[in-house]
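Residue numbers (our numbering), protein chains in the order written: chain P, 107 to 220; chain D, -6 to 105.
What follows is a single structure, written as structure tokens, with notes after it.
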Amino acid sequence: EAAVTQSPRSKVAVTGGKVTLSCHQTNNHDYMYWYRQDTGHGLRLIHYSYVADSTEKGDIPDGYKASRPSQENFSLILELASLSQTAVYFCASSDPGTGGDEQYFGPGTRLTVL
Amino acid sequence: GDSVTQTEGLVTLTEGLPVMLNCTYQTIYSNPFLFWYVQHLNESPRLLLKSFTDNKRTEHQGFHATLHKSSSSFHLQKSSAQLSDSALYYCALRAGSWQLIFGSGTQLTVMP
Chain P
107 EAAVTQSPRS KVAVTGGKVT LSCHQTNNHD YMYWYRQDTG HGLRLIHYSY
157 VADSTEKGDI PDGYKASRPS QENFSLILEL ASLSQTAVYF CASSDPGTGG
207 DEQYFGPGTR LTVL
Chain D
-6 GDSVTQTEGL VTLTEGLPVM LNCTYQTIYS NPFLFWYVQH LNESPRLLLK
44 SFTDNKRTEH QGFHATLHKS SSSFHLQKSS AQLSDSALYY CALRAGSWQL
94 IFGSGTQLTV MP
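This is the structure:
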């Protein structure tokens, strides 16, 4: 069974609309992350969380919000979607506190903003 | 700040030839962890190999890399490329904190 799942797997949104991307993990990891992937830019960190009910800004947080209601769930919210937010979004989890360096990625969500 | 540089955006080679993907990094932290992640088409990134020991070769699935702190490098190599090696490869750095800093990625295409 996949340990990190994302929904939806793809989405088309209109400019100015609200978009919510969801992530669920069964790894029992404390840390969860949202990345966006763009050709030529690699993986860039948007938001992360190390405990439920708390989120932190990553390297490119502008235009995004995040929510971590439980250890297992982490959402990325685009309040006013823009064309520049068209990308593939990956959720990941890890547990660096126990020496676990590996980040486990979900399958990704392809977002197209029109 | 910390950074990772992958100079080749695209690498194309013929099956059976050796592979070398370059990775250099910058950090003031003296004990960095370096990683290679691989992402096949329509899949998500997954860990290929990692190292934190200077001058020690790390191997996995036919690939190998050696962390050289003197040159701040962690190049990925394989002696003989296979068609199935075609993928996007990311080098990543963890330096003193939990955060992974990813390079921009190298798209490897292996031709028959």
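We put the CB at the ideal spot given by N, CA and C, even for glycine.
Please read these numbers as outputs of a predicted model, since none were measured by experiment.
So, are the CB atoms of Val110(P) and Cys129(P) less than 8 Å apart?
yes
Could you check whether the Cβ of Asp168(P) sits closer than 8 Å to any Cβ belonging to chain D?
no
Let me confirm a value: Val103(D) is counted as buried when at least 16 other C-beta atoms fall within 10 Å, else exposed. Which label applies?
buried
Under 8 Å between the Cβ atoms of Thr99(D) and Val(-3)(D)?
no
Validate contact between the stretch 207 to 217 of chain P and the stretch 77 to 84 of chain D using beta carbons, cut 8 Å, 3 pairs:
no
Quick one: list the residues of chain P neighbouring Arg87(D), beta-carbon separation under 9 Å, in chain order.
Pro202, Asp207
Three-state secondary structure assigned by DSSP to Asp207(P)
coil
When you compare only the Cα positions, how much space is there between Asp47(D) and Leu60(D)?
5 Å
Suppose you measure from the CA of Ile21(D) to the CA of Asn15(D); what does that come to, to the nearest Å?
20 Å
Taking contact to mean 3 or more Cβ pairs, one atom from each stretch, closer than 8 Å, check whether the stretch 141 to 152 of chain P and the stretch 115 to 129 of chain P are in contact.
no
Determine the contact status of Leu149(P) and Phe196(P), defining contact as a CB-CB distance below 8 Å.
yes
Does DSSP put Ser116(P) in a helix, in a strand, or in coil?
strand
Should Gln70(D) be flagged as near chain P, meaning a C-beta pair shorter than 8 Å?
no
Residue-level contact to chain P via CB, Pro38(D), 8 Å cutoff
yes
Hey, quick one: how far does the beta strand (DSSP E) through Trp140(P) stretch, first residue to last?
137 to 144
Just the C-alpha distance for Pro202(P) and Gln19(D), rounded to the nearest angstrom, thanks.
21 Å
Would you kindly work out how many angstroms separate the C-alpha atoms of Phe180(P) and Leu220(P), rounded to a whole number?
25 Å
Indicate whether at least one CB of chain P lies closer than 8 Å to the CB of Gln92(D).
yes
For Cys197(P), write down the residues that DSSP places opposite it in a beta bridge.
Trp140(P)
Can you check whether the CB of Gln75(D) is closer than 8 Å to the CB of Glu8(D)?
yes
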